[in-house]
Amino acid sequence: MTGYRRHIALRLIVLTIVVLALFKVFFRARLVPKPTLPSSFWGNNVKFMAPIAQEGKATSDEKHFKEALPPPEPEKPQRPMVTSPLRLVHLDLKGAAPKVSYLEQVFPLLSTLGATGILLEYEDMFPYEGDLAILRSPHAYSIEDVEKIQQLAEFNKLEVIPLIQTFGHLEFVLKHEKYWSFREFQRFPNSLNPHHPESLGLVKAILTQVLDRHRKAKWIHIGADEVFHLGEGIDSKNWLRNNNGNLGQMYLNHVKAVSAFLVDKYPSMGVILWDDMMRRTSIDLIKESGITRLAAPMIWQYGEQLNFEAIDKYITSYANAGFQTVWFASAFKGASDVAQIWTPVGVHLNNHLSWHKVISSMAKYPGIQWQGIALTGWQRYDHFSVLCELLPVSLPSLGVCLQSLIHGAFNGESKKTTLDILGCTNIDIKNNLCEGGGVFPGSDIYRMVLHIRDKLKSETETFLNHKYIRGWFSHYQRKYRFGNPRNLDLFGEKMLKFLEEWENFIQSFRTQMESIYFPDTIEEWMEDNVNIYMDPLRKLAKDFKEAIDKNGGVKKALK
Numbered sequence: 000m001t002g003y004r005r006h007i008a009l010r011l012i013v014l015t016i017v018v019l020a021l022f023k024v025f026f027r028a029r030l031v032p033k034p035t036l037p038s039s040f041w042g043n044n045v046k047f048m049a050p051i052a053q054e055g056k057a058t059s060d061e062k063h064f065k066e067a068l069p070p071p072e073p074e075k076p077q078r079p080m081v082t083s084p085l086r087l088v089h090l091d092l093k094g095a096a097p098k099v100s101y102l103e104q105v106f107p108l109l110s111t112l113g114a115t116g117i118l119l120e121y122e123d124m125f126p127y128e129g130d131l132a133i134l135r136s137p138h139a140y141s142i143e144d145v146e147k148i149q150q151l152a153e154f155n156k157l158e159v160i161p162l163i164q165t166f167g168h169l170e171f172v173l174k175h176e177k178y179w180s181f182r183e184f185q186r187f188p189n190s191l192n193p194h195h196p197e198s199l200g201l202v203k204a205i206l207t208q209v210l211d212r213h214r215k216a217k218w219i220h221i222g223a224d225e226v227f228h229l230g231e232g233i234d235s236k237n238w239l240r241n242n243n244g245n246l247g248q249m250y251l252n253h254v255k256a257v258s259a260f261l262v263d264k265y266p267s268m269g270v271i272l273w274d275d276m277m278r279r280t281s282i283d284l285i286k287e288s289g290i291t292r293l294a295a296p297m298i299w300q301y302g303e304q305l306n307f308e309a310i311d312k313y314i315t316s317y318a319n320a321g322f323q324t325v326w327f328a329s330a331f332k333g334a335s336d337v338a339q340i341w342t343p344v345g346v347h348l349n350n351h352l353s354w355h356k357v358i359s360s361m362a363k364y365p366g367i368q369w370q371g372i373a374l375t376g377w378q379r380y381d382h383f384s385v386l387c388e389l390l391p392v393s394l395p396s397l398g399v400c401l402q403s404l405i406h407g408a409f410n411g412e413s414k415k416t417t418l419d420i421l422g423c424t425n426i427d428i429k430n431n432l433c434e435g436g437g438v439f440p441g442s443d444i445y446r447m448v449l450h451i452r453d454k455l456k457s458e459t460e461t462f463l464n465h466k467y468i469r470g471w472f473s474h475y476q477r478k479y480r481f482g483n484p485r486n487l488d489l490f491g492e493k494m495l496k497f498l499e500e501w502e503n504f505i506q507s508f509r510t511q512m513e514s515i516y517f518p519d520t521i522e523e524w525m526e527d528n529v530n531i532y533m534d535p536l537r538k539l540a541k542d543f544k545e546a547i548d549k550n551g552g553v554k555k556a557l558k
């Protein structure tokens, strides 16, 4: 009996231990908290209890589970942000591109005057290679030149931002028969057809060649202003017909594609574009396009007095659309007249004083950060137009404009600094003169262009209209080399001396030009600004000599 009781007692003890163990396991499971995940992590309508799939097979629920998981967000590339807004001097190389030896003299001057960067618009001066070699000017810079320019800029603490047109103003590309089919409007070489299957590839190839030679560049400017005749090509008309005539969307599609390519290929580089084509585009359309995450607008106005109401509207709209940064663009030359040869300093000074007011008001736009201003120096209005003012002629204007931006006015310290750097005795804003001629790089050309402007046209026209010439050596008499030597002697010697003096001056001027410019620039400038006045004088001298040789004889017979 005792043995039986012991057996019962042992069984009760074992049972008690088992029960206690079970209770312990049960309560531990209840007390351990389940891991929690935000509902958005899994996506919508995802079942947590998906059935287990057979090996090598996924159930429909499991597939849904995997598809619903959002991909991990890639790290956003850090776009360059300025610590201090940049003052960029724009060098427009589509005409009168200076030799690198001249830039070597000019870059230290720009830095001393207050510039902190260069906006370098290459156009056809870049040494394109391979299939793009056709785009090169006969006097394009070499690869070594491009490297030297960047070294000079870095040495003078100047940020280099390449500017490559990618939509409008592509005449330097579209003028070549090879690329005629890429034109938006077949008669005009201005703008690229964004629907051509190879247009984007062409733009990418151009950008890649330039940026591969600018490894240190923090920004790239893709132009994209004045896309004339956009929407007028056959492809664009078809697109507009199927997209509610949305021309703004067509524009944004192309610049977004270009910008996305750049951001993907060069993640740490910022993209800039001219703003004018977006001014009439709705805020919602700009926002929805995604361009605000990829690029920054550069607002430009070059007039003597800015339209402050319009600029306020642009800045506000771009901020509301989602752009984080904005740039401005003024003009120190090349924006007052298509064929200007002498820079109107007062006009450009007022342009910069107006921009200074805008810059001073940027605190009222907390949603968008101002990055800097480009002082544009246009050399042509477009690839096919005549040359504007030469760079040496416009350096006094540049000095005045830079110092006025820094100080907010051109007086006192800003004026003294400008005079000291340029070597002028005074700058006469009213008459657009650096008095004393200055001692800056190219100052000899500055003085000689001034002499040509003031004297050549007036003196030659006065001489050609002298009464002795009108009376005794008219157009008819010159046609038949018919004249009395007695009467011809009244002006002949004086004429030949006048011609000789100008020819000597022009030869000296040509020598100065050759130290800075390539032969094509010299020929173009001489044809448009010198030979147009000198050739009639040269023809008069030739006719005079032939008439004198006839010794008062019978007039030349009609053929």
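So in numbering that gives the first Met the number 0, the last spot in the sequence shown is 558, and the numbers never skip.
Ideal Cβ positions, reconstructed from N, Cα and C, are used throughout, including at glycine.
This structure is a prediction, so every number in the text was calculated from the model and none was measured.
Reduced DSSP category for residue i - H, G, I as helix; E, B as strand; rest coil
i      : result
Arg509 : helix
Trp218 : strand
Pro484 : helix
Glu122 : helix
Met533 : helix
Trp341 : coil
Cys433 : strand
Ala204 : helix
Lys461 : A quick correction: the sequence has Thr, not Lys, at residue 461. DSSP places Thr461 in helix when its eight states are reduced to three.
Glu388 : coil
Asp542 : helix
Phe171 : helix
Thr291 : helix
Pro296 : strand
Phe260 : helix
Cβ of residue i within 8 Å of any chain B Cβ
i      : result
His382 : In the structure shown, chain B cannot be found, because there is only a single protein chain.
Same chain only: Cβ atoms within 6 Å of residue i, ignoring 5 sequence neighbours per side
i      : result
Asn586 : In the structure as shown, the chain starts at 0 and stops at 558, and residue 586 therefore has no counterpart that could be examined.
Thr489 : Residue identity check: residue 489 is Leu in the sequence provided, not Thr. Result list for Leu489: Tyr467, in chain order.
Gln339 : Cys387 and Glu388
Through-space distance from residue j to residue i, alpha-carbon basis
i      : j      : result
Leu397 : Asn242 : 46 Å
Leu229 : Leu251 : 12 Å
Leu235 : Leu112 : Here residue 235 turns out to be Ser, not Leu, going by the sequence shown. Those two C-alpha atoms are separated by around 46 Å.
Asn431 : Leu348 : 10 Å
Pro484 : Lys478 : 16 Å
Lys98  : Ile358 : 34 Å
Arg452 : Thr342 : 11 Å
Gln378 : Asp275 : 20 Å
Thr315 : Val257 : 25 Å
Ile282 : Leu206 : 28 Å
Leu131 : Lys454 : 44 Å
Phe543 : Leu487 : 8 Å
Ala114 : Val399 : 12 Å
Burial state of residue i, where buried means 16 or more other Cβ atoms lie within 10 Å
i      : result
Asn410 : exposed
Ser329 : buried
Gln149 : buried
Met80  : exposed
Ala362 : exposed
Thr459 : buried
His474 : exposed
Asn464 : exposed
Trp179 : exposed
Pro196 : exposed
Phe307 : exposed
Val553 : exposed
Arg480 : buried
Glu500 : exposed
Pro395 : buried
Close beta carbons around residue i, own chain, < 8 Å, minus the five adjacent residues each side
i      : result
Lys450 : What sits at residue 450 in the sequence shown is His, not Lys. Contacts found: Phe504.
Leu418 : Thr424, Asn425 and Ile426
Met249 : Pro193, Leu229, Gly230, Ser235, Trp238, Leu239 and Asn242
Ile521 : Arg509, Met512 and Glu513
Phe497 : Glu458, Phe462 and Leu536
Neighbourhood of residue i by C-beta distance below 7 Å, restricted to the same chain and skipping five residues each side
i      : result
Tyr121 : Leu92, Pro161, Ile163 and Val209
Glu128 : Gln208
His89  : Leu118, Glu120, Ala373, Leu374, Thr375 and Gly376
Val172 : Leu134 and Tyr178
Gly232 : Glu183, Phe184 and Asn192
Supposed contact pair residue j and residue i - C-beta distance, whole angstroms, cut 8 Å
i      : j      : result
Ala318 : Tyr265 : Ala318 to Tyr265, Cβ: 25 Å. No contact.
Val346 : Ser353 : Contact doesn't hold; Cβ gap of about 11 Å is too wide.
Phe383 : Glu170 : 6 Å
Pro391 : Ile310 : Not a contact, Cβ separation roughly 32 Å.
Ile405 : Ser413 : 7 Å
Ile219 : Leu261 : 6 Å
Gly222 : His168 : 6 Å
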